[in-house]
Amino acid sequence: MSDRPSRKQLILEALAGELEKSPGSRITTAALARATGVSEAALYRHFASKAKMFEGLIGFAEETVFSRINQILEGERSTPVRCARVVYLLLGFADRNPGITRVLLGDALVGENERLHLRVEQFFARLETQLKQILRESRLREGSDDGRPDPDVGAALLLALVEGRMHQYLRTRFRVSPLHRWDEQWALVEPLLFPL
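Below you can see the structure in the form of structure tokens.
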């Protein structure tokens, strides 16, 4: 059996690459066809619409991020470490996938089908729910809050930090990594969420 990626996967990789090369620009199916070396008709044999291509990228992000979050939760008991690793995972995913970052931030979805915006909204809502759950479980396990902020507030803060770093990455045309000096920034944030 061959390890070659499917044509569908190659199209999605080309779309992500085109999104990375042209921040702020819309990607047409004609440009994508040129980048993949196939006709527009061939693109539509694999995807019913451009929206389906974007859904494929969002699906890749969901599968990758949430499967890795589950691995973090299975392998780590400490709430501060869990949160730090989840945030680092999200920033690292954005750093390695600038084209998909454009999709997740809605930049590449301007003028596209509303269901794509809803799907991205669900992605971030699911992330926030996951962070809330991590913070709530910590309170239940330890039996006190020790001056910690409400889990809803803590999760919202973490997600705002992630989205802010991703937006900065996009704004700088992918020149400033979302991981740039993140360890120093986490050292400032961690005591706010997990006071001694």
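Residue numbers (UniProt numbering): 1 to 196.
Note that CB positions come from ideal geometry on N, CA and C, so glycine has one too.
Predicted model only: the values in this text are computed from it and were never measured.
When DSSP states are grouped into helix, strand and coil, ASP150 belongs to the coil group.
Contact between LEU161 and VAL189 holds, since their C-beta atoms are separated by about 7 Å, short of 8 Å.
The beta carbon of LEU179 lies closer than 6 Å to those of LEU91 and ASP95 in the same chain, with the five residues before and after it left out. With contact defined as three or more Cβ pairs closer than 8 Å, the stretch 167-186 and the stretch 78-91 are in contact. Membership of ASP107 in any alpha helix (DSSP H) is not indicated, and neither H nor E is assigned to it by DSSP.
Inter-residue distance for GLU40 and ARG68 is about 34 Å (C-alpha atoms, whole angstroms).
Looking only at GLN130, LEU131 and LEU104, the smallest Cα-Cα distance to LEU118 is reached by LEU104. Around the CB of GLY24, fewer than 16 other CB atoms lie within 10 Å, so the residue is classed as exposed. With fewer than 16 other Cβ atoms inside 10 Å of its own Cβ, THR129 counts as exposed. In the structure shown, VAL120 adopts helical secondary structure according to DSSP, grouped into three states. Under the three-state reduction of DSSP, PHE47 is assigned to coil, being neither helix nor strand.
By the Cβ-count criterion, ARG165 is buried, with 16 or more other Cβ atoms from all chains shown falling within 10 Å of its own Cβ.
Within the same chain, Cβ atoms closer than 6 Å to the Cβ of THR36 are found at ILE11 and ALA14, the five residues on either side in sequence being excluded. Straight-line spacing of the CA atoms in ALA48 and ASP152 works out to 39 Å. Counting only the Cα atoms, PHE174 lies some 13 Å from ASP107. Annotation for ILE11: the continuous alpha helix (DSSP H) segment containing it runs 7-21. Within the same chain, Cβ atoms closer than 8 Å to the Cβ of PRO149 are found at LEU157, LEU192 and LEU193, the five residues on either side in sequence being excluded. Taking PRO195 as the centre and dropping the five residues before and after it, the same chain places the C-beta of ASP146, GLY147 and ARG148 closer than 8 Å to its C-beta, in chain order. ILE27 sits away from LEU116, with the two beta carbons spaced by 9 Å or more. When DSSP assignments are scanned along the stretch 45-105, the uninterrupted stretches of alpha helix (DSSP H) that are 4 or more residues long and fall wholly within it turn out to be 50-75, 79-96 and 98-104.
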